[in-house]
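Here the structure is laid out as structure tokens; the discussion comes afterwards.
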Amino acid sequence: MVDFLKLLSKERPVGTNTNTELVKTVEKYLYDLGYSIQSLPFDCMVWNSGASAIKIDNQSIAIEPSPFSEPFNGRGKLSIVKTLEQLENINCKDAILVLAEDMTRTPLQPKNYPFYYPDEHKKIILLLEKKQPEAIIAVTGKNSLNGQNPFPLFEDGNFLIPSGNIGTGYLKQIDRLAHLGIPVSLVIDSYKTEAKSRQIVASKKAKKSAGKIIIGAHMDTKYNTPGALDNAAGVAVLLQTAQSLNSSVYDIDIVPFNSEEFYGANGELEYLKLLDSESKKIALMINIDSPCHKGSETAISFHNLSNPIARLTNSLIANNPKITKGKEWYAGDHTPFIFRGIPCMVVTSSDFFDGALEYTHTPKDTLDTVDFEMVTPTAQHLIDVIDSLSARECKRRLQIDR
Numbered sequence: 001m002v003d004f005l006k007l008l009s010k011e012r013p014v015g016t017n018t019n020t021e022l023v024k025t026v027e028k029y030l031y032d033l034g035y036s037i038q039s040l041p042f043d044c045m046v047w048n049s050g051a052s053a054i055k056i057d058n059q060s061i062a063i064e065p066s067p068f069s070e071p072f073n074g075r076g077k078l079s080i081v082k083t084l085e086q087l088e089n090i091n092c093k094d095a096i097l098v099l100a101e102d103m104t105r106t107p108l109q110p111k112n113y114p115f116y117y118p119d120e121h122k123k124i125i126l127l128l129e130k131k132q133p134e135a136i137i138a139v140t141g142k143n144s145l146n147g148q149n150p151f152p153l154f155e156d157g158n159f160l161i162p163s164g165n166i167g168t169g170y171l172k173q174i175d176r177l178a179h180l181g182i183p184v185s186l187v188i189d190s191y192k193t194e195a196k197s198r199q200i201v202a203s204k205k206a207k208k209s210a211g212k213i214i215i216g217a218h219m220d221t222k223y224n225t226p227g228a229l230d231n232a233a234g235v236a237v238l239l240q241t242a243q244s245l246n247s248s249v250y251d252i253d254i255v256p257f258n259s260e261e262f263y264g265a266n267g268e269l270e271y272l273k274l275l276d277s278e279s280k281k282i283a284l285m286i287n288i289d290s291p292c293h294k295g296s297e298t299a300i301s302f303h304n305l306s307n308p309i310a311r312l313t314n315s316l317i318a319n320n321p322k323i324t325k326g327k328e329w330y331a332g333d334h335t336p337f338i339f340r341g342i343p344c345m346v347v348t349s350s351d352f353f354d355g356a357l358e359y360t361h362t363p364k365d366t367l368d369t370v371d372f373e374m375v376t377p378t379a380q381h382l383i384d385v386i387d388s389l390s391a392r393e394c395k396r397r398l399q400i401d402r
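29 is the number that the UniProt record's numbering gives to position 29 of the sequence shown; each next residue is one higher, with no gaps.
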């Protein structure tokens with residue numbers, strides 16, 4: 001499985017050639033293990049970008065184009081906004097709008113994101129579209145949820161105002177240019193092209209099923225990261241689990257989610273449609289995301305578990321020195337299942353929030369961040385959980401038969 005982990009650890013956003021080839025590789029691996037394969041096609045976008053900058057006289061300040069931004073090449077005066085109230089009152093039509101401070105504390109969810117689109121984000125997006133600036137420059141800092149610094153405020157192919165981001169160290173300089181009212185040139189070299197991809201689902205059915213257990217790990221990455229920890233390590237654990245798992249009680253779906261890092265989550269939406277068409281009871285959803293960070297243990301958190309299942313799971317954790325109880329979190333492929341009330345288990349690194357996140361979504365997320373020796377025990381723990389659930393169900397059936 002180490003070789004597989006190494007093979008996966010390369011930039012692989014959904015729709016790209018690398019992603020397409022890796023989907024085929026994972027598909028063949030699961031097929032060869034005896035799983036039946038369903039292939040769910042979907043449309044997506046591939047993004048390309050180049051050098052982008054603010055220019056005035058002989059001075060040039062490099063900026064990073066927002067992923068999936070529209071392109072821009074023009075001139076305009078800078079209008080700076082630091083609060084929502086200022087945005088509500090400003091007239092910035094045909095200006096280059098600079099967002100900073102209170103407006104750029106955290107990334108904005110993609111427009112109409114299917115699983116979570118908070119009202120405050122929706123309000124900002126609607127205001128920006130109403131104000132009609134020529135382009136937007138977001139002054140941002142360190143993302144609290146990954147290693148990006150500066151982070152893109154927008155990552156949304158449905159938001160059609162060209163945008164880019166720049167670090168907070170440039171705020172004074174940008175502020176001064178805005179107050180001087182001097183026109184600047186802005187180049188945002190960014191374009192997106194239509195593409196197609198697939199969500200594969202590998203299944204094994206039990207003869208007398210007590211429901212379905214879903215085990216998933218997203219296989220795609222953001223741009224500009226090899227994604228070793230996030231989430232080649234998770235896919236390695238997923239495939240190791242698939243290889244060793246033998247459930248005679250529950251139907252099993254192995255799902256290498258292929259668009260978790262994409263603004264539309266298209267692959268997961270296709271899988272959810274498939275589940276809705278099947279009307280099969282889901283006993284448990286397990287999501288594996290960024291496990292096996294060097295120097296950490298494997299952390300397990302749960303959502304919506306019944307008390308007996310929670311006790312069983314806690315007992316397994318207590319008896320495994322490589323596994324610990326983790327914090328609940330709501331940013332991953334498990335989230336829509338939680339919202340549906342489905343029992344969920346989330347598998348990650350024990351230092352996910354205070355160590356591992358520093359590497360994710362950055363070029364630093366290389367194989368050096370991964371403890372290869374943690375893949376097998378993490379997969380074995382998931383097998384132990386499923387075996388324990390199966391044994392519990394078999395015992396229940398015996399009691400009924402008596």
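The beta-carbon is built from N, C-alpha and C at its ideal position, and this holds for glycine as well.
Remember, it's a predicted structure, so these values are computed and weren't measured experimentally.
{"query": "State the DSSP-derived secondary structure class of Phe-159, mapped to helix, strand or coil.", "result": "coil"}
{"query": "Please report the distance separating the alpha-carbon of Gln-243 from that of Ala-202.", "result": "12 Å"}
{"query": "Since Ala-53 is in the beta strand (DSSP E), which residue starts that stretch and which ends it?", "result": "52 to 56"}
{"query": "Can you list the alpha helix (DSSP H) stretches of 4 or more residues lying completely in the region 204 to 259, in chain order?", "result": "233 to 244"}
{"query": "Just checking: is the beta-carbon of Leu-312 within a distance shorter than 8 Å of some beta-carbon in chain C?", "result": "No chain C is present in this structure, which holds just one protein chain."}
{"query": "Between which two residues does the alpha helix (DSSP H) holding Phe-302 run?", "result": "Looking at the DSSP string, Phe-302 is not in any alpha helix (DSSP H); the run it does join, the beta strand (DSSP E), is 298 to 303."}
{"query": "Could you give the first and the last residue of the continuous alpha helix (DSSP H) run that contains Ser-277?", "result": "266 to 278"}
{"query": "Return the chain-ordered list of same chain residues with a C-beta closer than 7 Å to the C-beta of Glu-297, the five sequence neighbours on each side being excluded.", "result": "Lys-322, Ile-323, Thr-324 and Ser-350"}
{"query": "So, does the region 164 to 173 touch the region 108 to 128, judging by three or more C-beta pairs under 8 Å?", "result": "no"}
{"query": "Flag this pair as yes or no: are the beta carbons of Pro-107 and Phe-159 separated by less than 8 Å?", "result": "no"}
{"query": "With distances taken from CA atoms, which of Ala-51, His-361 and Val-347 is nearest Gln-148?", "result": "His-361"}
{"query": "Spatial neighbours of Ala-299 within its chain, please: CB distance less than 6 Å, with the 5 preceding and 5 following residues excluded, ordered by chain position.", "result": "Thr-324, Gly-326, Thr-348 and Ser-350"}
{"query": "On the DSSP bridge assignment, give the partners of Arg-75 in chain order.", "result": "Ser-185"}
{"query": "Please list, in chain order, all residues of the same chain as Glu-270 whose beta carbon is under 7 Å from its beta carbon, the five residues on each side excluded.", "result": "Leu-40, Phe-42 and Gln-199"}
{"query": "Between the C-alpha atoms of Ala-356 and Phe-262, what's the straight-line distance to the nearest angstrom?", "result": "21 Å"}
{"query": "Which class does Arg-198 belong to by DSSP, given the choice of helix, strand or coil?", "result": "strand"}
{"query": "Can you list, in chain order, the residues of its chain with a C-beta nearer than 7 Å to that of Leu-22? Leave out the 5 residues immediately preceding and following it.", "result": "Leu-8, Arg-12 and Met-219"}
{"query": "Tell me the rounded alpha-carbon separation between Asp-253 and Ile-214.", "result": "5 Å"}
{"query": "Just the C-alpha distance for Phe-353 and His-334, rounded to the nearest angstrom, thanks.", "result": "17 Å"}
{"query": "So if DSSP puts Ile-323 in a beta bridge, which residue, or which two residues, is it bridged to?", "result": "Thr-298"}
{"query": "Work out the CA separation of Ala-265 and Phe-257 for me, nearest whole Å.", "result": "9 Å"}
{"query": "Rounding to the nearest angstrom, what Cα-Cα distance links Ile-96 and Thr-225 in this structure?", "result": "30 Å"}
{"query": "Would you grab the beta carbon distance between Ile-282 and Gly-211 for me? Rounded to a whole angstrom, and I think it's under 8 Å.", "result": "6 Å"}
{"query": "Might you give, ordered along the chain, the residues of its own chain that have their beta carbon closer than 8 Å to the beta carbon of Ala-51, omitting 5 neighbours on each side?", "result": "Ala-62, Val-187 and Asp-189"}
{"query": "Among His-303, Ile-56, Lys-82 and Asp-384, which has the Cα closest to the Cα of Glu-101?", "result": "Lys-82"}
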